[in-house]
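Per the numbering used here, the very first residue in the sequence shown carries number 2; after that it's consecutive.
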Amino acid sequence: MKASKWLLVLLATVVPSLYAFADDAASSPKPAATLEKNNSWSFSSSDRAPTKFVYVVIRKNGNHWDVERVTDRRPTLNRNDEAEPFLVSSDFQQWTNYFSDNIINCNSFEAEETSEKTVCTSAFRGNKVAMQVFRILFGNNPNAGKTPVGYDVDKTTAAIQSIRPEQATQKLDAFEHGEVN
């Protein structure tokens, strides 16, 4: 067997198990209380925003999350604020991350010293260990030894789907009627 075929066979058998192991290792401990599921809104971790969107800030309230405010202006949150910002389609059906999809510099001086909330200080932060393993195995990448940080899709989706539609709709209606919320 040629060396390249041998390498492909090895990668086909080893890499999937590395991904599974890395994803298990990267997953955060599950919270003691399970969040309610009150809607079927979807979340995608992407650097692309919906074409027509609003900014939505949510905050945890017991075993669900509430919409704190809806705005057309980019919200600025203190790094210690427990609220979380998102870009959301104007019908609330599609949610996407407010911050960059994946970043590598959470341990940099700039990330540590900023006073604003980032994905590094988000409640939905998740280490992307599988991406790091992939970079190490296949990369001539200067960031190969650094673990990217991004949104934990399962945790974020659970939070978004715990929002009560009636409460969110009230905030959206207030925003559409020009009321400050």
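Heads up, the beta-carbon is just placed ideally off N, CA and C, and yes, glycines get one too. Predicted model only: the values in this text are computed from it and were never measured.
Distance check between residue 44 and each of 173, 126, 87 and 120 places 87 closest, using alpha-carbon atoms only.
With a cutoff of 8 Å on beta-carbon distance, residue 73 and residue 55 are scored as near each other. Rounded to the nearest whole angstrom, the C-alpha separation of residue 63 and residue 114 is 30 Å.
Residue pairing by DSSP places residue 65 opposite 62 in a beta bridge. Judged by their CB atoms, residue 124 and residue 69 are not nearer to each other than the 8 Å cut-off. 119 is the residue among 119, 166, 171 and 173 whose C-alpha sits nearest the C-alpha of residue 152.
Residue 76 carries a coil assignment under DSSP once its states are collapsed to helix, strand and coil. The beta carbon of residue 169 sits closer than 7 Å to the beta carbons of 68 and 93 from its chain, once the five residues preceding and following it are set aside; these are given in chain order.
Contact annotation: residue 75 and residue 117 have beta-carbon atoms that are not nearer than 8 Å. The continuous alpha helix (DSSP H) containing residue 166 extends over residues 166 to 177.
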